[in-house]
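Visitor:
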Amino acid sequence: MKVIKQSFEIIQLPENALLLIEKAGRTCYKSEDKISEGTAEIFGKRLLDSQHESVLEHVSVSVRFITNRGVSHEIVRHRMCSFSQESTRYVNYNHKEMEFILPVWWEEWSMEQQNLWTKSIENAEKTYSELIALKVTPEKAREVLPNSLKTEIVVTANIREWRHIFQLRCSKKAHPQMRELMRICCHEFKKKIPVLFDDIELE
């Protein structure tokens, strides 16, 4: 058994994202002749100011998340995305060390609470292994696996949808585990394309 922290990696983001958005947006006004060095950022800001965000849908970004099953179940509720997720039906976790995600509130817990959580995932791993040993298939043995189980999921969405995701999931109303993951992800988006994400508040 191994306990790890959740993480993410941006695996695909077009280097010319802002230029693609500008070219698409200026088609509406037939003002392509105004494209020059530095105009893409200005144009992107203007789109946000005028709430003309449909143009942002021309650029998609793919992110690989390593998180727990509970968070992944919330991620896939977003409609305008494509998902590819590690399958508990086909992955036999008895072939390798089972991984679990550390709860973000771990430091807030007492020693007794921490020990109880650790014991619960140890029991889940043990029971799963025993079921596999009894020739139970992974798709059936998975019934004993907890929300804390580590999963990997690749999410592809357009810029407009990523903005929507961050606005919802970085809020104080979001689940703490989800909120922590999306806050650090949004922070990276802010570094990569600041003009399109700097207005999103990280509460």
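In this text, residue positions in the sequence shown follow the working numbering: the first is 232, and each later residue adds one. Even glycine gets a Cβ: it sits at the ideal position worked out from N, Cα and C.
Just to confirm the assignment, what range does the alpha helix (DSSP H) spanning Arg373 have?
Guide: It is not in any alpha helix (DSSP H) - Arg373 carries neither H nor E in the DSSP assignment.
Visitor: I need the straight-line Cα distance from Gln344 to Leu333, nearest angstrom please.
Guide: If you draw a straight line from the Cα of Gln344 to the Cα of Leu333, it is about 13 Å long.
Visitor: Can you check DSSP and say which residues form a bridge with Asn389?
Guide: Ser291
Visitor: Is the beta carbon of Ile390 closer than 8 Å to that of Val290?
Guide: yes
Visitor: Would you grab the beta carbon distance between Pro369 and Arg295 for me? Rounded to a whole angstrom, and I think it's under 8 Å.
Guide: Not quite, the Cβ-Cβ distance comes to about 22 Å (not below 8 Å), so this is no contact.
Visitor: Determine the DSSP secondary structure at Cys401, reduced to helix, strand or coil.
Guide: coil
Visitor: Tell me whether Ser238 sits in a helix, a strand or coil according to DSSP, three-state version.
Guide: strand
Visitor: Could you tell me if Tyr260 is buried or exposed, where buried requires 16 or more neighbouring beta carbons within 10 angstroms of its beta carbon?
Guide: Label assigned to Tyr260: exposed.
Visitor: Let me check one thing: in DSSP terms, what residues is Lys366 bridge-paired to?
Guide: None; Lys366 has no bridge partner.
Visitor: May I ask which residues mark the beginning and end of the beta strand (DSSP E) holding Met246?
Guide: Here residue 246 is Glu; the residue named in the question, Met, does not match the sequence. No beta strand (DSSP E) holds Glu246; DSSP gives it neither H nor E.
Visitor: Under three-state DSSP, which class holds Glu328?
Guide: coil
Visitor: List the endpoints of the continuous beta strand (DSSP E) containing Gln523.
Guide: Here the chain comprises residues numbered 232 to 434, so residue 523 is not present and cannot be evaluated.
Visitor: Do Leu376 and Tyr359 have their beta-carbon atoms positioned less than 8 Å apart in this structure?
Guide: Cβ distance < 8 Å, so Tyr359 and Leu376 count as in contact.
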